[in-house]
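Each number in the working numbering comes from the position in the sequence shown (counting from 1) with 307 added on.
Everything on this sheet refers to the single structure shown next.
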Amino acid sequence: MTDPTDTRDTGPRPGTPLWAYLTSTSVLGVIALTVCEVRLGLDSLGEAVTSVLFWMILLLVVLGELRPVMVSSSTLVGGTPTSTMFTFAVLMHSGLSVAVLVQATAVVISGLAHRRSLHRVTFNVAQVTIACLASALVLAAFRIMPTPDDSWTPGGPQDIPAILLAGGAYFAVRGLLVCWAVALHERRPLLRVVRASIGPQALVYGALLGLAPLVVVVLENAPGLVPLFVAPLAAVYFTATLSMRRDHQATHDGLTNLPNRKMLIVKTEEALDEAREDERVGLLLLDLDRFKEVNDTLGHPVGDRLLQIMAHRLTHSVRPKDVVARLGGDEFAVLLPQIRDAHAAREVASRLRVALTEPVRLEGMIFDLDASIGIALFPDDAPDFELLLQRADVAMYMAKEGRTGVEFYIAAKDRNSPERLGLLGDLRRAIDKNELELHYQPKVCLEDGQVEGVEALLRWFHPVRGPVLPVEFVPLAEQSYLMRELTQHVINLALDQAARWWHAGIEVPISVNISARDLLDSGLPDQLESGLARLGLPADAIHLEVTERILMTDQAYTADTIRTLSRLGIVLALDDFGTGYSSLVRLQRLPVSEVKIDASFVRRLGESEDDERIVRSIVDLVRSLGLTSVAEGVESGEIAALLREMGCHAGQGWWLAQPMTPAEATTWLRARLRLPAVIQEAQVI
Ligand code: C2E
Ligand code: MG
Ligand code: MG
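See below:
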């Protein structure tokens with residue numbers, strides 16, 4: 308184990324408990340070291356130092372110190388030096404003084420190689436010396452007191468208890484010394500630190516200390532064979548390194564090397580567990596504004612570089628124990644495990660924002676980005692991770708909408724009741740468990756009855772509540788970070804269905820509903836582009852529908868995604884037209900091809916003259932702009948006839964066809980398209 312302050316340059320502030328602890332341990336250790344060496348005497352020391360065996364062991368121990376076994380990326384206390392095996396062997400064979408001499412020399416060399424500061428090296432020397440001393444005392448209790456002149460070799464099973472206890476003492480003392488430093492440094496309870504690190508470390512220590520008696524036997528009988536022990540050591544080292552790398556990959560983001568969502572959950576839960584009454588835990592959600600523009604105009608490599616720079620700036624703007632994580636795209640989260648109050652959290656947020664808005668010089672250009680930050684605090688705003696993130700997200704969205712930069716979560720402004728939040732949690736599980744389905748409702752040309760496409764409509768059968776309508780949960784998801792996942796899921800389902808249909812000759816476009824919020828997501832066009840390519844589908848296989856309300860949001864944020872989508876050849880339709888108050892100018896500027904007239908006007912066509920006038924003028928307007936009109940909510944033959952007479956191109960509604968399950972839709976489509984009978988049902992559903 309290594310000093311927890313290894314990664315930092317400055318020592319602890321004098322007078323602090325950590326400083327007092329490190330200093331007293333170091334002094335104690337150095338005294339113990341001096342006493343050991345003095346007791347050994349110059350003669351024995353000289354003798355030991357001139358033997359080849361001594362240098363060989365020293366070399367092995369130094370190598371072990373330089374290459375510690377990292378057992379887990381999340382282990383607080385660093386790695387386990389493989390040198391432990393040889394040190395413990397020397398301790399049993401030649402006694403405390405030689406073991407301590409070898410180990411202390413190796414720690415100093417490794418300290419020099421890693422340019423560690425003096426106080427760290429001293430602490431590390433003290434740590435190993437005290438651990439060796441504890442181990443030697445246990446051996447002495449069994450009357451095993453070897454010296455270089457009077458070495459000891461285990462003789463059989465009767466020695467096993469002594470060896471086990473001595474090895475255990477070494478491990479326990481060394482572990483405790485480091486954990487204590489970590490606990491003081493991070494102001495966490497000692498027991499928790501021990502619990503978090505003991506498991507994986509114990510395993511490696513067990514392997515290393517267990518091999519040590521065999522090293523002693525070889526040392527005594529055939530010292531020349533000792534280097535062969537490097538082989539099992541290398542195996543332990545590489546296995547552990549590999550598993551740690553996997554662990555690291557699973558919990559970190561590949562681009563920025565920051566912790567990912569999974570790791571953030573673990574860290575937040577730890578922080579919530581350990582939070583003291585007079586402190587808060589803060590969760591900040593950050594979203595870069597205008598990042599998309601850079602990514603689109605200059606390409607992904609520049610965008611990636613920019614994200615890396617931002618990640619670097621974020622990590623350097625917080626304290627060492629704060630956690631900066633990347634949640635995906637240009638969304639970052641910062642966990643503040645111990646924060647005094649809301650004021651302090653705002654200070655951190657402002658500092659982060661300043662760090663992010665600092666112009667970036669890249670590829671000879673200067674970029675000015677901005678960020679919106681939402682803050683949620685534990686226990687004030689939420690009792691657990693999911694809710695904290697959700698509330699930080701509400702706050703972030705408010706900061707973005709109001710262009711205020713930093714916002715706190717304010718319950719009064721949150722439209723989520725506990726019941727709705729419960730539903731949101733259920734929805735998240737439903738996505739994970741694949742409980743959501745898409746049903747398909749055809750769009751039919753009113754002139755000739757041709758199928759123009761189908762609209763994918765989300766269906767959720769809740770295990771307790773039964774069927775839940777999209778109007779109940781989609782707006783809820785829209786207010787939260789879950790929308791991104793929901794849309795990704797829906798797009799994947801639609802892509803899979805499109806692949807089944809198109810490859811079976813049913814070439815109808817599937818229209819997917821997306822929310823305005825999805826257009827803020829720079830990942831959407833990528834997901835579509837790669838999905839279509841992967842499945843060998845043309846861009847026309849998927850259309851997108853976005854509600855007219857998009858025209859009322861700030862278009863600076865969505866324009867990029869819309870432009871990219873239209874460049875990919877993805878047809879965009881404006882849904883629920885007539886319910887918002889879009890201006891003609893805005894409609895003209897958007898690259899939409901289709902306008903869907905909202906069902907609320909269409910349904911009452913026969914009854915209300917006002918509605919008839921509205922629909923007629925929309926149809927005229929849409930035609931004059933060169934776009935296609937589709938009437939939603941066509942519930943009767945009379946309405947369909949009226950719409951046709953008005954010049955409305957297509958219709959969608961119960962009278963034409965209900966939303967259908969994939970199997971029903973396949974049968975319906977096949978009948979309408981009069982496909983040859985050779986196409987088997989099994990192929991397409
Ligand atoms: P929308 O996009 O306007 O979808 C049309 C809605 O009208 C659907 O309701 C459909 O079942 C319903 N409908 C179809 N024919 C008739 C008819 O003749 N009369 C009447 N009165 N209604 C008819 P649904 O499936 O309940 O979906 C409601 C809304 O939820 C959708 O409105 C859409 O905005 C949203 N939604 C549905 N699926 C998704 C999705 O996968 N993602 C997103 N973001 N939103 C979705
Ligand atoms: Mg729609
Ligand atoms: Mg609609």
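Beta carbons are placed, not taken as given, at the ideal position from N, Cα and C, and that holds for glycine.
If you're wondering where the values come from, they're calculated on a predicted model, not measured in any experiment.
- The DSSP assignment places 390 to 401 as complete runs of the alpha helix (DSSP H) inside the stretch 360 to 413, in order along the chain (cut-off: 4 residues).
- Judged by their CB atoms, Arg-633 and Thr-563 are nearer to each other than the 7 Å cut-off.
- DSSP, reduced to helix, strand and coil, places Ile-682 within a strand of the structure shown.
- According to DSSP, residue pairing for Pro-774 in a beta bridge involves Phe-768.
- The three-state reading of DSSP puts Arg-633 in strand, counting E and B together.
- Membership of Ser-822 in any alpha helix (DSSP H) is not indicated, and neither H nor E is assigned to it by DSSP.
- Judged by DSSP in its simplified three-state form, Gln-645 adopts strand.
- Inclusion of Gly-958 and Ala-972 in the CB contact set at 7 Å is not warranted, their separation being larger than that value.
- By the neighbour-count criterion, in which 16 or more other beta carbons inside 10 Å mark a residue as buried, Val-661 falls on the exposed side.
- In the three-state DSSP reduction, Ala-938 falls in the strand class (E or B).
- Judged by DSSP secondary structure, Lys-574 falls within the alpha helix (DSSP H) whose first and last residues are 568 to 581.
- Residues close to ligand 2 by the beta carbon criterion (under 7 Å to any non-hydrogen atom) are, from first to last along the chain, Glu-762, Ser-818, Asn-820, Glu-852, Asp-882 and Lys-903.
- One thing to note: Ala-811 has its Cβ no nearer than 7 Å to the Cβ of Leu-842.
- Set against 6 Å, the gap from the CB of Glu-942 to the closest heavy atom of ligand 1 is smaller.
- Annotation: Gln-757 to Arg-766 spans about 26 Å, alpha carbon to alpha carbon.
- Two segments are said to touch when three or more pairs of C-beta atoms, one from each, lie closer than 8 Å; by this definition the stretch 407 to 415 does not touch the stretch 449 to 468.
- Exclusion of Val-937 from the 6 Å shell around ligand 1 follows from its C-beta lying no nearer than that to any non-hydrogen atom of the ligand.
- With distances taken between CA atoms, Asp-883 lies nearest to Gly-940 out of Gly-940, Val-655 and Leu-408.
- It is roughly 12 Å from the alpha-carbon of Ala-840 to the alpha-carbon of Ile-849.
- Spatial neighbours of Leu-515 in its own chain (CB-CB distance under 6 Å, excluding positions within 5 residues in sequence) are listed in chain order as Thr-391 and Met-392.
- Taking 8 Å as the upper bound for CB-CB distance, His-492 and Leu-325 are in contact here, some 5 Å apart.
- Beta-bridge partners assigned by DSSP to Cys-439: none are found.
- Residue side-chain check: Ser-822 places its Cβ nearer than 6 Å to a non-hydrogen atom of ligand 1.
- Relative to ligand 1, Leu-932 has its C-beta separated by 6 Å or more from all heavy atoms.
- Across the set Glu-919, Phe-768 and Leu-872, the C-alpha of Leu-872 shows the shortest separation from the C-alpha of Ile-821.
- Using a cutoff of 6 Å, the CB of Val-909 does not count as near ligand 1, since none of the ligand's heavy atoms is closer than that.
- Counting along the chain, the unbroken alpha helix (DSSP H) around Tyr-544 starts and ends at 537 to 558.
- Taking 8 Å as the upper bound for CB-CB distance, Val-899 and Leu-875 are not in contact here, some 15 Å apart.
- In this structure, Glu-852 places its C-beta atom within 7 Å of the C-beta atom of Ala-880.
- In this structure, His-746 keeps its C-beta atom at 7 Å or more from the C-beta atom of Thr-546.
- Around the Cβ of Trp-809, a 10 Å sphere holds 16 or more other Cβ atoms; the residue is buried.
- The beta carbon of Ile-857 lies closer than 6 Å to those of Ala-823 in the same chain, with the five residues before and after it left out.
- Boundaries around Phe-674 are those of the beta strand (DSSP E), 672 to 674, since no alpha helix (DSSP H) includes it.
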